[in-house]
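Numbering (the numbering used here), first residue to last: 252 to 406. We treat Cβ as the ideally placed atom computed from N, Cα and C, and that holds for glycine. Bear in mind the structure is a predicted one, so any value in this text is a computation, not a measurement.
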Amino acid sequence: MNRFAVLRAGYGALLLAAPDPVIRLYTGHRADQLTRAVTRVLGGRQLVQGILTAGTPGALVLALGAEVDLAHVASMLGLAVLDQQRRRAGLVDAAAAGAFAIAGAILACRAPMQPEPTADACTRRLAVRQTAATWIARRTLPAPIRQWLQDRRVT
């Protein structure tokens, strides 16, 4: 498993298992029920994304992950603007998601066009992940990014 996926999955597991200390660190306040629930949902998203990027993901999988992280950044910045009580938490979480987005984009630029399969079951899992990523990318990625990926013959 690559370090990026381990870090992301660990962060997600932390948010799921112990949201209160993380919220206190982010905000300086005790967690309310809504903040705790949202933190767990975001932790689940990070954990699933960490699992999906485990192994040797291709550039397309990593680029889609960066896109999800950028959507997370936008939502947290929106929270910071709209909810003064949760502003600090929104800004801190936007920074964390931004760091994941930047790391994912850098890794996507360095990743092989297609992941290297290592075993039969692994090959099938990678093929499914790549097919799903290609389908999603064609429908969601902005045109310049799609073009860059096509130039690398990823999609």
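Which value, in whole angstroms, describes the spacing of the CA atoms of residue i and residue j?
i, j, result
"alanine 268", "threonine 290", "10 Å"
"alanine 345", "methionine 327", "5 Å"
"proline 270", "tryptophan 399", "38 Å"
"valine 292", "aspartate 402", "36 Å"
Would you mind working out which of the options sits nearest residue i, comparing C-alpha positions?
i, options, result
"leucine 298", "Val312, Ile357, Gln284 and Leu258", "Leu258"
"arginine 339", "Ile353, Leu285 and Arg275", "Arg275"
"threonine 283", "Arg337, Gln300, Leu330 and Ile353", "One detail in the question is off: residue 283 reads as aspartate in this sequence, not threonine. It is Arg337."
"valine 312", "Val273, Tyr277, Ala388 and Pro393", "Ala388"
"alanine 256", "Tyr277, Leu392 and Pro308", "Pro308"
Could you check if residue i is buried or exposed, using at least 16 other CB atoms within 10 Å of its CB as the buried criterion?
i, result
"threonine 304", "buried"
"alanine 359", "buried"
"leucine 266", "buried"
"valine 273", "buried"
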